[in-house]
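Novice: Under our numbering, the first residue of the sequence shown is numbered 1, with each subsequent residue one higher. We put the CB at the ideal spot given by N, CA and C, even for glycine. Below: one structure in structure tokens.
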Amino acid sequence: MDSFTGIRFKKETAKRFQTFSRTYFKSHTEAMSTMLDFFFYNEISPKEKLGPTGRTIEAKLLKRINAVIAIMRDVEKTQTKPTVAMIQSLFETEEPAKKPLIVEKKYAEEKKEVRFREKENPSNQL
């Protein structure tokens, strides 16, 4: 059987360690041993920061994604849509409005209106 040694901690720190230990490990000894192994194996100090957390990385990625979306929208407004409109206007074919042909007078059909007519009453004599 292993022997135990008492270490003095502040009550607040001891309670935090106990809740952490109960959450992830079977015993407090296993929790402390695993934590010490982690720091020795990775050759880091518990006082130094490991870098950005998942939340800060996510926030930075969201900012960059929003920036990329804004750039794509700007490119679409200034380049893609006008180019597409120009290409569509090139391929659209409208039938030109039919204008009446201009024909010379000698070839044009003349409508001859009768200006004078004979009287229909034959009894009138001149």
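Would you say the beta carbon of A14 is closer than 8 Å to some non-hydrogen atom of the ligand NAD?
Specialist: This structure lacks the ligand NAD; in fact it carries no ligand of any kind.
Novice: Between S21 and A31, which are expected to be in contact by the criterion C-beta below 8 Å, what is the C-beta distance as a whole number of angstroms?
Specialist: As a working mapping, residue 21 is identified with position 21 in the sequence shown. As a working mapping, residue 31 is identified with position 31 in the sequence shown. Indeed they touch by this definition, with Cβ atoms about 4 Å apart.
Novice: N66 to G51, Cα distance in whole Å?
Specialist: The count along the sequence shown starts at 1 and reaches residue 66 at position 66. The count along the sequence shown starts at 1 and reaches residue 51 at position 51. So the two alpha carbons sit approximately 23 Å from each other.
Novice: Residue range of the alpha helix (DSSP H) that L12 falls in?
Specialist: Numbered from 1 along the sequence shown, position 12 holds the residue referred to as residue 12. Looking at the sequence provided, one finds Glu at residue 12 rather than Leu. It spans K11 to Y24 - the alpha helix (DSSP H) in which E12 sits, taken as one unbroken run.
Novice: For P46, which three-state DSSP category applies?
Specialist: Stepping through the sequence shown from its first residue, residue 46 is reached at position 46. P46: coil per DSSP, three-state reduction.
Novice: DSSP state of I71, grouped into three classes?
Specialist: The residue labelled residue 71 in the question sits at position 71 within the sequence shown. I71 falls in the helix class under three-state DSSP.
Novice: Are the beta-carbon atoms belonging to T19 and F25 less than 9 Å from one another?
Specialist: As a position in the sequence shown, residue 19 is number 19, starting the count at 1. As a position in the sequence shown, residue 25 is number 25, starting the count at 1. Not closer than 9 Å, so no.
Novice: Mind checking which residues open and close the alpha helix (DSSP H) that includes F4?
Specialist: Residue mapping note: residue 4 aligns to position 4 of the sequence shown, counting from 1. Element bounds for F4: n/a, residue is neither H nor E.
Novice: Using the three-state DSSP reduction, which class does I102 fall into: helix, strand or coil?
Specialist: Here residue 102 is taken as the residue at index 102 of the sequence shown, counted from 1. DSSP places I102 in coil when its eight states are reduced to three.
Novice: I'd like the span of the alpha helix (DSSP H) that includes T83, first residue to last.
Specialist: Taking the first residue of the sequence shown as 1, we reach residue 83 at position 83. First-last of the alpha helix (DSSP H) with T83: K81 to F91.
Novice: I'd like to check one pair, F39 with S45: are the Cβ atoms closer than 9 Å?
Specialist: Numbered from its first residue, the sequence shown carries residue 45 at position 45. Numbered from its first residue, the sequence shown carries residue 39 at position 39. Contact flag set, yes.
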